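Colleague:
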Amino acid sequence: MKNWLIFISVFMVSLSLVISILVLWKAEAPFRSIEEQAEQLALEAKALAVVSESYTYNGKNSYVTVFGVDENGEKKAVFVPTNLEEDSIQEVFLKDGITEKQALSVFKDEGNVQKVLHMKLGYEEPGVVWEITYVNNHDKLNYVYILFEDGDWVKRIKNL
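Residue numbers 1 to 160, in the UniProt record's numbering, belong to the letters of the sequence shown in order.
What follows is the structure, encoded as structure tokens:
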């Protein structure tokens with residue numbers, strides 16, 4: 001009887017682990033698909049020669065931010081809309097704005113930061129922005145948008 005209980009327990013834990021992995025894998029599939037299509041479009045449009053990484057940015061409009069190097073060897077970020085319209089692609093040279101570390105230092109001066117959850121480079125109405133998502137000292141979710149061009153604050157969404 002003891003062996004049956006052990007077997008059933010191990011089986012149930014294994015089954016739940018496999019189901020969890022499958023659900024997470026399936027949930028991530030649409031993001032992987034659109035990111036691969038955006039990377040391919042950035043290469044075909046000759047905005048980039050080599051792709052290094054990409055991620056989805058969701059702001060007022062959704063973009064896939066694709067990082068890489070152009071044919072001249074300069075590092076760029078290309079913003080491909082999720083509807084994959086080639087004429088709506090935006091791009092920026094990474095040397096023409098503030099780095100992730102510089103944006104973080106501008107942001108850290110704000111204080112009241114418990115933990116930074118993530119930083120993403122994205123495209124919004126005023127231009128290219130760093131989106132910083134963090135939890136404040138009161139365990140509230142906050143968003144800060146800093147202009148890539150000069151480090152000025154664009155907007156803050158506090159205490160969600």
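Ideal Cβ placement from N, Cα and C applies to all residues, glycine included.
Predicted model only: the values in this text are computed from it and were never measured.
Can you round the beta-carbon distance between Ser54 and Val69 to whole angstroms, since I take them to be within the 8 Å contact cut?
Modeller: On the sequence shown, residue 54 is found 54 positions in, with the first residue counted as 1. On the sequence shown, residue 69 is found 69 positions in, with the first residue counted as 1. That pair is no contact at about 13 Å.
Colleague: Where does Glu35 fall in DSSP's three states?
Modeller: For the purposes of this step, residue 35 is identified with residue 35 of the sequence shown, where counting begins at 1. Reduced to three states, the DSSP call for Glu35 is helix.
Colleague: Would you check if there are 3 or more beta carbon pairs closer than 8 Å linking the stretch 141-150 to the stretch 112-131?
Modeller: yes
Colleague: Please check the pair Leu94 and Ala38, which I expect to be a contact at CB under 8 Å, by giving their CB distance rounded to whole angstroms.
Modeller: Here residue 94 corresponds to residue number 94 of the sequence shown, with the count starting at 1. Here residue 38 corresponds to residue number 38 of the sequence shown, with the count starting at 1. Rounded, the Cβ-Cβ distance is 18 Å, inconsistent with contact.
Colleague: Identify whether Ala27 lies in helix, strand or coil by the three-state DSSP scheme.
Modeller: For the purposes of this step, residue 27 is identified with residue 27 of the sequence shown, where counting begins at 1. If DSSP states are grouped into helix, strand and coil, Ala27 belongs with the helices.
Colleague: Drop a sphere of 10 angstroms on the beta-carbon of residue 213, count the other beta-carbons inside from all chains shown, and report buried for 16 or more, exposed for fewer.
Modeller: This structure leaves residue 213 out entirely; the chain is present only between 1 and 160.
Colleague: Nearest CA to the CA of Trp153: which residue from Ile89, Lys108, Asn137?
Modeller: For the purposes of this step, residue 153 is taken as the residue at position 153 of the sequence shown. Nearest C-alpha to Trp153: Lys108.
Colleague: Output the distance between the C-alpha atoms of Ile8 and Glu28, rounded to the nearest integer angstrom.
Modeller: Taking the first residue of the sequence shown as 1, we reach residue 8 at position 8. Taking the first residue of the sequence shown as 1, we reach residue 28 at position 28. In a straight line, the C-alpha of Ile8 is about 30 Å away from that of Glu28.
Colleague: By alpha-carbon positions, which one of Lys115, Asn137, Lys101 ends up nearest to Gly151?
Modeller: Within the sequence shown, the letter at position 151 stands for residue 151. The shortest C-alpha separation from Gly151 is found at Lys101.
Colleague: Which residue from Val113, Lys120, His138, Trp4 puts its Cα closest to that of Phe79?
Modeller: As a first step, residue 79 is located in the sequence shown; it is residue number 79 there, counting from the start. With distances taken between CA atoms, Phe79 lies nearest to Lys120 out of Val113, Lys120, His138, Trp4.
Colleague: Taking C-alpha atoms, which residue in Ala103, Gly122, Pro126, Tyr123 lies nearest to Val116?
Modeller: The count along the sequence shown starts at 1 and reaches residue 116 at position 116. When each option's Cα is compared against that of Val116, the closest is Ala103.
Colleague: By DSSP, does Asn137 sit in helix, in strand, or in coil?
Modeller: The sequence position of residue 137 within the sequence shown is 137, counting from 1. Here Asn137 sits in coil by DSSP.
Colleague: Ends of the beta strand (DSSP E) at Phe93?
Modeller: As a working note, residue 93 is residue 93 in the sequence shown. Per DSSP, Phe93 belongs to the beta strand (DSSP E) from 90-93.
Colleague: Using the Cα positions of Asp96 and Glu149, report the straight-line distance between them to the nearest angstrom.
Modeller: Along the sequence shown, one-based indexing puts residue 96 at 96. Along the sequence shown, one-based indexing puts residue 149 at 149. Our two residues, Asp96 and Glu149, have alpha carbons roughly 7 Å apart in a direct line.
Colleague: Would you kindly work out how many angstroms separate the C-alpha atoms of His138 and Val106, rounded to a whole number?
Modeller: As a position in the sequence shown, residue 138 is number 138, starting the count at 1. As a position in the sequence shown, residue 106 is number 106, starting the count at 1. Rounded to the nearest angstrom, the two C-alpha atoms are 21 Å apart.
Colleague: If you draw a straight line from the C-alpha of Trp4 to the C-alpha of Val18, how long is it?
Modeller: Numbered from 1 along the sequence shown, position 4 holds the residue referred to as residue 4. Numbered from 1 along the sequence shown, position 18 holds the residue referred to as residue 18. Approximately 21 Å, taken between the alpha carbons.
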